[in-house]
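>
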Amino acid sequence: VADLDGALADDAAVPARDWEHGLIAWARDKLAHGEENIHAQARDRLDRALLQAALAHTGGRRTEAATRLGLGRNTLTRKLGSGRKPRR
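Going by the working numbering, the sequence shown opens with residue 20, and the numbers climb by one from there.
#1: Taking only the alpha-carbon atoms, compute the straight-line gap between Q60 and E54 and give it to the nearest angstrom.
#2: Can you tell me which of the three DSSP states E83 falls into?
#3: Measure how close the beta-carbons of T96 and R80 come, nearest whole angstrom, since I'm counting them as under 8 Å.
#4: Over the uninterrupted alpha helix (DSSP H) stretch that includes H76, give me the two end residues.
#5: Return helix, strand or coil for G89, following the three-state DSSP convention.
#6: Which whole-angstrom value describes the C-beta separation of T77 and A84, a residue pair presumed to lie in contact below a C-beta threshold of 8 Å?
#7: Return the Cβ separation of L70 and L99 in integer angstroms, given the expectation that the two are a contact with Cβ distance under 8 Å.
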């Protein structure tokens, strides 16, 4: 039980360990269903997730979020305006 409690308490580490496995499973599913252009789909989803996380972390401060992501402020603003706005 102590091991389980520790694993549950370290909840934030789970995505860090498992996101690649989830991505691989997602890609395999898309490929198995004959979908095309999955690289662009994955890239869009990754951008959305990173933008959402960075904006949440910075309290919506776009300049700081852009810096944390290694993007220019204009690039971040363009990505936000592309119709794929992440929820803050």
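Virtual Cβ for every residue (Gly too), placed ideally from N, Cα, C.
If we stick to the structure as given:
#1: Near 10 Å, if we compare the C-alpha coordinates of E54 and Q60.
#2: E83 falls in the helix class under three-state DSSP.
#3: That belief does not hold up - the Cβ atoms of T96 and R80 are roughly 12 Å apart, past 8 Å.
#4: Segment I57 to H76, the alpha helix (DSSP H) holding H76.
#5: Correct three-state label for G89: coil.
#6: For a cut-off of 8 Å, the C-beta gap from T77 to A84 is around 5 Å, short enough to register as a contact.
#7: At roughly 7 Å, the Cβ-Cβ gap stays under 8 Å, so L70 and L99 are in contact.
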